[in-house]
Amino acid sequence: MNPSFSEKNETADIGEFGLLRKDFPTINQEINEHPLVYLDSAASSQMPQQVIDEISRYQSQDHSNVHRGIHTLSHRATEVYETSRQNICEFINAKNTNEIIFTSGTTDSINLVAHSYCKPKLDPSKKILISHLEHHSNIVPWQLICEQTGASLIVAPIDNNGQIITEQLIGMIDSNVVLVAISHISNALGSVTSLNKIIDAAHQHEVPVLVDGAQAVSHMKIDIQALNADFYAFSGHKMLGPTGIGILYGKEHLLEDMPPYQGGGDMILEVKFTGTVYNDLPYKFEAGTPNISGAAGLGAAIDYLNQAGMHNIEVHENILLNKMITDLQTIDGVELIGRAENQVAVQSFTIKDIHSHDIGTILDHQGIAIRTGHHCAMPVMEFFGLPGTARASLSIYNNEEDVDRFIKGLDKVIEIFA
Amino acid sequence: MNPSFSEKNETADIGEFGLLRKDFPTINQEINEHPLVYLDSAASSQMPQQVIDEISRYQSQDHSNVHRGIHTLSHRATEVYETSRQNICEFINAKNTNEIIFTSGTTDSINLVAHSYCKPKLDPSKKILISHLEHHSNIVPWQLICEQTGASLIVAPIDNNGQIITEQLIGMIDSNVVLVAISHISNALGSVTSLNKIIDAAHQHEVPVLVDGAQAVSHMKIDIQALNADFYAFSGHKMLGPTGIGILYGKEHLLEDMPPYQGGGDMILEVKFTGTVYNDLPYKFEAGTPNISGAAGLGAAIDYLNQAGMHNIEVHENILLNKMITDLQTIDGVELIGRAENQVAVQSFTIKDIHSHDIGTILDHQGIAIRTGHHCAMPVMEFFGLPGTARASLSIYNNEEDVDRFIKGLDKVIEIFA
Amino acid sequence: MKRDNSENKSLKELYRQLIIHHAKNPLNFGKLSNNPIRAEGINPLCGDKIRIYLNINEADTIEGLTFEGTGCAISIASASLMTTTLRNMKKYQANQYALNLISNLNEPKSQEAGQLMMDSQEINALEGVKDFPSRIKCATLSWQTFISALNNKKITTTEK
Amino acid sequence: MKRDNSENKSLKELYRQLIIHHAKNPLNFGKLSNNPIRAEGINPLCGDKIRIYLNINEADTIEGLTFEGTGCAISIASASLMTTTLRNMKKYQANQYALNLISNLNEPKSQEAGQLMMDSQEINALEGVKDFPSRIKCATLSWQTFISALNNKKITTTEK
Ligand SMILES: Cc1ncc(COP(=O)(O)O)c(C=O)c1O
Ligand SMILES: Cc1ncc(COP(=O)(O)O)c(C=O)c1O
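Chains as they are written, first to last, in numbering that gives the first Met the number 0: chain A, 0 to 417; chain B, 0 to 417; chain C, 0 to 159; chain D, 0 to 159.
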């Protein structure tokens, strides 16, 4: 389970960090006859061999259904599943495992809160407050329940640098706001939200805050108790783990009071046609057979991140992001979209008169993977009056050479359209 | 992707089928110092190496996010995901892939239908019809939406053999029934439902039928068009595939008319704060990043089942079930629970004066894994006046020796309590 | 076959004669009159269900303690042993005893031969579950339910 | 470096001068007056959006055909080529032509050198997408939207 570099080091050392890269088989391949440069981790990160192996190991040695069996494999599967929960609990410093709900991903986590926490509280006098910076997964669930109940979805504005205007957002909070739902880091622009101020202000009005942490967990240390968010949602596949697994963190007293979301096995203590007794936390929200191998993989991903050290990762990625921004600015016709004061692991940009899609294809042809288009954040694109952007995003396994290859690749793009 | 036996054979040959067993690494291990006898496939089946390898392969070579990227890995991941959908479509003979929705499992599939199809149609005059034989996953979602809307959940009775009393169920169908929701095969007893009669009768009243197929898909050939079910729900982990992935089949015209369930990325064409345009089928129901590696694994599991041949599997398991039933009846104090005319792959039983939990422990100690307790079907247990049963269930990899070891294991149980 | 000995040994530890005996003939099985305190314990793993009835007198002594329910040999025997052990204890003593037992059963087996888990020979018969992690909850269910009853919690589950 | 040749070749096939030219200077870009038939095509992959305006006269001939929207070089060039190609065709001819083109673009590249995909040299400039599976949708978007317009479907998506 050890990343392939020698030991936990408090100051990041890019040289040593570079060794991590060989843990990632997907990264170490040729694409279109070039060694891959993967700059699309904001869409989905790659898994280290340790995670892939742990999933195979679980599936070939320990698999069975959880919670419901007394035979050895069922016991082992339950251990794997609950150990992963414990791991996640410690990783974000939650108070206890009752606060850690396994879901299928960030989207599922947010929908759970929308239906179980918010919807019963909504009527036409009530509001849900989001920002203009959100991913569709933190917009559409609120639109759906607002439509169903007549409540209003209100949207805090962003500035030209692509940052939430914190004061304006805070000014929109009043006691008719049922929930503030905002991203920790924008997936389209990398902007970091000023969560402390917003959460404090919301709590002064006794309004809880859901944080969409999909883009944050693999890039910075999350201390959920210090942050004091009421709900925090994230996905395994954006933090070196597998797809199909995610987490909803919720404060225990809030989760306690919420009705179940989905019905099924495991979330009940007793089923009778005259009435059903729901299970305790966290099981009340985990209906049906869970994604056990996904939990195993997510647990292994967290072990990996812990070994690498979240502080080291932050420093490493920050150095690369700064280099990337500096280098991008040397290219004629490149415009950076999103210049937040506090920006993490992501840079969006356009090139004059060249559509982002064409940029993507020409880079891909050189083995360089970036994302192009609206990044599931159409309102952000609309704000900037763009059909889409090109976006390069970083993770633990990227290195300076990746940035150099990327910048050189852009030269070819411009050459073709010259 | 070939199972390890020579070729597709029309008549099952237990000898040759026995060779399949070596494809399953979980099965080929010692538990409590005995070679494992796994008789808990109804809770979760084991994966052949081919499935485990395909998941690893996908994760180490092709992983990226689907649908949203133009670079090579994103294209490959989308191919893997959509090829799996095509595979599933053919496996159950659906009309086209618009009818195949990826979910996280049977429970999720049923909840989707409950919320998107049924709930908008419910009021206190309306009813949902289930049977007394259902798994909690096909009870609790209906209880939840009936509570929320004032509709009634009505329950068709079962007989002493553990079979739905088809005529009585049919007699309960009228035009106020919004949906009939029944299992294809009972997980607690193995009873096969007379779906043809029930579906015909329901359709005469223009009532659609949801079939919980969790226990059926890996044991018999499903031809969904011949069956004419309106919805059909199943789970990857009960058909040699991984956890965290499942399917909702729905007739296209029904799915077309249903509002989305969860909101998020991928299920929309366009998001504006003034209104959102939903994506076409099947994407309308697939919010967020899907379980891509799970889909890869499920696709490989279907390849495996196809290679083995569903007919062969049926014959093989039937021979073993008959042997098991015959042998169980030779043991003093054993009572078979559930003696349906048409029974598949599962036998529940009790032993006089010995609690099922103790049976389970003593068998586990001999390396024999069975399930004990209520099997997430408490109403069935209540019907038989039992706190639980012991349940042995079969799959493709079981053989006669497994049944022999199991029967011998029960002798020891009786010896200890003598 | 060669394994039969060690295997039988730990199975025999689990299903000691005393346990089988209590399971087949549980003591203090039934309801209490006099409007007792009640609590229900559920082990969703296997559907075991235990109801505890409890009377505490003015001197804070457990005067009456019975149970009802269905369960495996371990949970029934454990409940039977619980009623005989805790009856006549002071409330705080009984609470402490139950907590100790639960925590002891969740600890690994003592390596030192002859060292007793609790001071009662009978109660120590429960120690056999330590080789059977999935059965520890069966042994602790009634004790946990007892603690819940003291704390006026109506339903307890071992599912954690 | 050794790879630069083959690599440039297929990229140059995709971005032929004709394509770049049409992308930079699209023909028939704009609205139609006279209450035309409209349809919108979306490629959710990249957010490309094309609106088609279409007039059909009494003789069932495509009289007017323009487009608007944003998109990559391939989708804009393809739309531009579509408008010039289909204008003045009979409705059924145009429909058939569009269907053919879409199906041809989705087929593997012909092995025989010199064999033409369609009979128009210009249209065959689109063939370069065949080496770029993820870009085929860009090339077919406007044609699909055209078919939708003929069939009175208002919104089309390539997401399949
Ligand atoms: C008949 C039946 N229905 C539904 C389910 C629920 O399936 P899952 O737990 O995979 O959602 C199961 C299995 O647990 C089952 O056997
Ligand atoms: C900020 C943000 N929120 C939510 C999501 C949705 O996550 P998922 O698709 O894993 O449900 C994503 C990623 O797609 C994201 O970047």
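Backbone N, C-alpha and C define an ideal beta-carbon position, used for all residues, glycine too.
Residue-chain proximity (residue i, chain B), Cβ-Cβ < 8 Å
i	result
Leu-10 (chain C)	yes
Tyr-14 (chain C)	yes
Asp-39 (chain A)	yes
Ile-122 (chain C)	no
Leu-104 (chain C)	no
Residue i at chain D interface by Cβ criterion, 8 Å
i	result
His-74 (chain B)	yes
His-373 (chain B)	no
Glu-269 (chain B)	yes
Ile-87 (chain B)	no
Asp-279 (chain B)	yes
Any chain A beta carbon closer than 8 Å to residue i
i	result
Ile-336 (chain B)	no
Ile-75 (chain C)	no
Ser-133 (chain C)	yes
Asp-107 (chain B)	yes
Thr-69 (chain D)	yes
Met-0 (chain D)	Annotation note: pLDDT 37 at Met-0 (chain D) (below 50); position unreliable, coordinate value reported separately. So no, Met-0 (chain D) is outside the interface.
Ile-19 (chain D)	yes
Residue i - partner residues in DSSP beta bridges
i	result
Leu-247 (chain A)	A:Ile-100 and A:Ala-232
Ala-38 (chain D)	D:Ile-51
Ser-392 (chain B)	B:Asp-39 and B:Val-345
Phe-161 (chain D)	What the structure shows of chain D is the stretch from 0 to 159, and residue 161 (chain D) is not part of that stretch, so it cannot be assessed.
Lys-89 (chain D)	D:Thr-60
Lys-271 (chain A)	A:Gly-274
Val-208 (chain B)	B:Val-179
Glu-29 (chain A)	A:Pro-34
Chain-order list of residues whose beta-carbon lies under 7 Å from that of residue i (same chain, five-residue window excluded)
i	result
Ser-419 (chain B)	With chain B covering 0 to 417 only, the question about residue 419 (chain B) has no answer from this structure.
Tyr-396 (chain A)	Leu-19, Arg-20, Phe-23, Ile-26 and Gln-45
Glu-120 (chain B)	The question names Glu, but residue 120 (chain B) is Lys in the sequence shown. The answer, listed in chain order, is Val-177.
Gly-298 (chain A)	Thr-82, Ser-83 and Asn-86
Residue i, buried or exposed, once every other Cβ within 10 Å from all chains shown has been counted against 16
i	result
Asn-321 (chain B)	exposed
Ile-18 (chain C)	buried
Gln-58 (chain A)	buried
Asp-11 (chain D)	The amino acid occupying residue 11 (chain D) in the given sequence is Lys; Asp does not appear at that position. It is exposed - the Cβ of Lys-11 (chain D) has fewer than 16 other Cβ atoms within 10 Å.
Glu-340 (chain A)	exposed
Ser-174 (chain A)	exposed
Asp-199 (chain A)	exposed
Pro-289 (chain A)	buried
His-364 (chain B)	buried
Asp-429 (chain B)	Nothing can be reported for residue 429 (chain B): it is not among the residues displayed for chain B, which extend from 0 to 417.
Ala-58 (chain C)	exposed
Nonlocal neighbours in the same chain, by C-beta distance under 6 Å from residue i, ignoring five residues either side
i	result
Ala-97 (chain C)	Trp-142, Phe-145 and Ile-146
Asn-92 (chain B)	Asp-222, Ile-223 and Gln-224
Lys-126 (chain A)	Ser-151, Ile-153, Asn-175 and Val-176
Gly-332 (chain A)	Ile-350 and Lys-351
Chain E within 8 Å of residue i, Cβ atoms only
i	result
Asp-61 (chain B)	This model lacks chain E altogether, as its protein chains are A, B, C and D.
Residue-level contact to chain C via CB, residue i, 8 Å cutoff
i	result
Val-276 (chain A)	yes
Arg-67 (chain A)	yes
Residue i CB to nearest heavy atom of ligand 4 below 7 Å
i	result
Ala-41 (chain B)	Ligand 4 is absent from the structure shown, which contains only ligand 1 and ligand 2.
Neighbourhood of residue i by C-beta, 8 Å cutoff - its chain only, sequence neighbours within 5 removed
i	result
Ile-164 (chain A)	Ala-155, Pro-156, Ile-157 and Asp-158
Glu-334 (chain B)	Phe-348, Thr-349, Ile-350 and Lys-351
Asn-105 (chain C)	Ile-135 and Thr-139
I need the residues with a C-beta less than 5 Å from some heavy atom of ligand 2; please give them in chain order. A:Gly-104, A:Thr-105, A:Thr-106, A:His-134, A:Ser-136, A:Ser-182, A:Asn-186, A:Asp-211, A:Ala-213, A:Gln-214, A:Ser-234, B:Gly-287 and B:Thr-288
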